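Reviewing the structure listed below.
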Amino acid sequence: MSQTDTTAPSREEIAWELVELYDELSIETVNEMLAKNVPMETLEFIAAYAGDFADTHDVNDRTRRGLPNLILLGYLLRIVEDRLLGDEELE
Numbered sequence: 133m134s135q136t137d138t139t140a141p142s143r144e145e146i147a148w149e150l151v152e153l154y155d156e157l158s159i160e161t162v163n164e165m166l167a168k169n170v171p172m173e174t175l176e177f178i179a180a181y182a183g184d185f186a187d188t189h190d191v192n193d194r195t196r197r198g199l200p201n202l203i204l205l206g207y208l209l210r211i212v213e214d215r216l217l218g219d220e221e222l223e
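This note's numbering numbers the first residue of the sequence shown as 133 and each following residue consecutively.
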C-alpha cells in the first residue's frame, strides 16, 4: 500500500508488512515489542498451548520448536489489524 493510498489495507497486505518488519528486527527489539504489547500470561498460554498442540498432533521436533513463534506471530497480526482497522470489516 502506498503512503498516498487512503484505502484501508487488506488482511494480506497487513500480514506481509508485519512479516517483513518482524524479519528485520533484532532479538532485543522483538523482546521490547513483546513486553509492550503482549501480557506475560498470554506468552505463557501460547507456550503451553503450542506444547499441548504439538503433543496431540504428533508434531516433529523442528516444527515443535517454531510453533510458539508462529502462534505468537498470528496473535501480533491480530493486534496490528485491530489497531489499523478497528471495527472495520476485514477483507
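Glycine residues also receive a C-beta, built at the ideal position from the N, C-alpha and C atoms. Keep in mind that this is a model prediction, so the values were computed, not measured.
Remark: C-beta atoms of Ala186 and Leu199 approach each other more closely than 8 Å.
With fewer than 16 other beta carbons inside 10 angstroms of its own, Ile211 counts as exposed.
Secondary structure of Pro200 (DSSP, three-state): helix. Judged by DSSP secondary structure, Leu166 falls within the alpha helix (DSSP H) whose first and last residues are 159 to 169.
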